[in-house]
Amino acid sequence: MVPPERVAALRQAFTAMTNDPKFVQDTVKSGLELDAVSGEELDSISARILQTPKDVVALAGAVGK
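45 is the number that this note's numbering gives to position 14 of the sequence shown; each next residue is one higher, with no gaps.
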């Protein structure tokens, strides 16, 4: 488990990087799309994904075969 203060520092650094004009400019110049989400939002998305019922996951896996 990562200590909460380290998680907070990493999230803050990531947000600062994705808001840095030079980083954004370099990203666009490279032809990449930047659509970053916060760590809190990613936690929420992950939690919802992990709550997907097993039968739905199995059905989705069968569709891809």
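Built from N, CA and C at the ideal position, the CB exists for glycine as well.
Through-space distance from residue j to residue i, alpha-carbon basis
i	j	result
Val-33	Pro-84	28 Å
Ala-47	Glu-72	16 Å
Gly-62	Ala-40	29 Å
Leu-90	Leu-81	15 Å
Ala-93	Arg-37	40 Å
Val-59	Ser-75	27 Å
Range of the contiguous alpha helix (DSSP H) that encloses residue i
i	result
Met-32	Run containing Met-32: none; DSSP gives neither H nor E here.
Val-94	85-94
Gly-70	70-81
Spatially closest choice to residue i from the options, by CA coordinates
i	options	result
Leu-65	Ile-76, Ala-89, Thr-49 and Gly-92	Thr-49
Ser-69	Gln-43, Val-94 and Lys-53	Gln-43
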